[in-house]
Ligand SMILES: [Zn+2]
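Residue numbers (the working numbering): 5 to 270.
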């Protein structure tokens, strides 16, 4: 299933997945006010950008998607498997520290926008519209093989979500074309999935090209999601560093993309 791309009149270019029927989107590099190596839509607070630029970038991104930038919840991502269930008490004030480590956020509270940061890693947004439960999950390979999606599903179920009703959007990330890893990563991925990787991994000498998005999609199917409710972006961040932030291309001087999801308030 393909993603749709939108250009807001304010210049922000973002993508959505047709399987998710609530407010959500994945940012690109286009439409912000940051300069030089952070040109132009940097949504990371810790990338060396001027705070005023980041604030304006969020204002534009929020305007494009249709959410209140004063009611966002941020994760402090550490490539772990912790998923935090959040409420309005966790609303983030820009340019202040996030007081907990988490690579996934879950909520049943309406009007709260959950954020996930990436620049090659896999951003996954989840929604059970009927239960009113959403999640934003940072699926780098370490978090993936630690089964952060299993943790996220457990947290969503605790709030009343049911896997067979959950829709999932797996966004722009480094693709199988570019994600070269050592055998320790493919071995960890096979242990995580409990089955051979098959065409998720392609041998290249003594290393492998890994389809991390495909592996996360397979995990979601194992967890009970309907394959028809899973959308996987086909765009590779490393192949398109002019459009997406890519850590493997730019290194530490990169900006950050954000994925966002919200259940609108009453
Ligand atoms: Zn690529």
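Heads up, the beta-carbon is just placed ideally off N, CA and C, and yes, glycines get one too.
{"Query": "Whether residue 80 touches residue 55 by CB criterion (9 Å)", "Result": "no"}
{"Query": "Sub-9 Å separation of residue 89 and residue 163 beta-carbons", "Result": "yes"}
{"Query": "DSSP state of residue 260 mapped onto helix, strand, coil", "Result": "coil"}
{"Query": "Segments of 3+ residues assigned as beta strand (DSSP E) that fall wholly inside the region 27-76", "Result": "27-31"}
{"Query": "Check: residue 218 C-beta below 8 Å from any heavy atom of ligand 1", "Result": "no"}
{"Query": "Given residue 268 as reference, the closest of 70, 156, 204, 178 once Cα atoms are compared", "Result": "70"}
{"Query": "Residue nearest to residue 9 in terms of C-alpha spacing, selected from 116, 142, 176", "Result": "176"}
{"Query": "Top-ranked residue by Cα proximity to residue 242, from 182, 128, 212", "Result": "182"}
{"Query": "Best match in 106, 100, 77, 75 for proximity to residue 84 [C-alpha to C-alpha]", "Result": "106"}
{"Query": "Alpha carbon of residue 117 to alpha carbon of residue 264, nearest angstrom", "Result": "6 Å"}
{"Query": "Through-space distance from residue 261 to residue 45, alpha-carbon basis", "Result": "8 Å"}
{"Query": "When 187, 227, 101, 184 are compared against residue 161, the one with the closest alpha-carbon", "Result": "227"}
{"Query": "Below 5 Å from a heavy atom of ligand 1 - residues by beta-carbon", "Result": "179, 181, 182, 240, 242, 243"}
{"Query": "First through last residue of the alpha helix (DSSP H) which encompasses residue 171", "Result": "Careful: residue 171 lies outside any alpha helix (DSSP H), inside the beta strand (DSSP E) at 171-174."}
{"Query": "DSSP beta-bridge partners of residue 19", "Result": "9, 30"}
{"Query": "Residue range of the alpha helix (DSSP H) that includes residue 190", "Result": "187-197"}
{"Query": "CB of residue 210 within 9 Å of CB of residue 170, strictly", "Result": "no"}
{"Query": "Segments of 3+ residues assigned as beta strand (DSSP E) that fall wholly inside the region 87-172", "Result": "87-89, 108-111, 117-122, 126-132, 137-143"}
{"Query": "Own chain residues within Cβ distance below 6 Å of residue 252, not counting five before or after", "Result": "124, 242"}
{"Query": "Segment limits, beta strand (DSSP E) that includes residue 236", "Result": "234-236"}
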